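Just so it is clear: in the sequence shown, position 43 is 470 by our numbering, and no numbers are missing. Every residue, glycine too, gets a C-beta built ideally from N, C-alpha and C. The structure presented is a predicted model; accordingly, all values stated were derived computationally and were not measured.
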Amino acid sequence: MAAAVEAEDAIADRRELVEWFERGCKPPEDWRCGTEHEKFVFRRSDLSRPGYDDPDGIGEL
428 MAAAVEAEDA
438 IADRRELVEW
448 FERGCKPPED
458 WRCGTEHEKF
468 VFRRSDLSRP
478 GYDDPDGIGE
488 L
C-alpha cells in the first residue's frame with residue numbers, strides 16, 4: 428500500500444507535477460541507449476495463455 432500523503436505534500440497543479448517528474452530525470456550526459464521488449468507466451472497446442480502456477484507455466488520459465 429502507498430504511504431499516506433499529507434495535504435501540504437499533495438501536487439496541486441500541472442506545473443508541480445511537471446517539476447516532480449523533472450526532478451527525477453537524469454542529466455543528458457548520463458543518458459544511455461537501451462531497448463525494451465515484451466514477450467508474449469502462449470501454448471502452441473491450443474494458443475491459450477499459460478497460468479503462472481500451471482505445469483510448464485510462467486513460473487517455470
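Test item: CB-CB of residue i and residue j under 8 Å
i: valine 468; j: arginine 476; result: yes
Pairwise C-alpha distance: residue j and residue i
i: glutamate 446; j: glycine 484; result: 43 Å
i: leucine 488; j: aspartate 436; result: 42 Å
i: lysine 462; j: proline 455; result: It is threonine, not lysine, that sits at residue 462 in the sequence shown. Taking the straight line from one Cα to the other gives about 17 Å.
i: tyrosine 479; j: glycine 486; result: 5 Å
Can you list the alpha helix (DSSP H) stretches of 4 or more residues lying completely in the region 430 to 488, in chain order?
441 to 450
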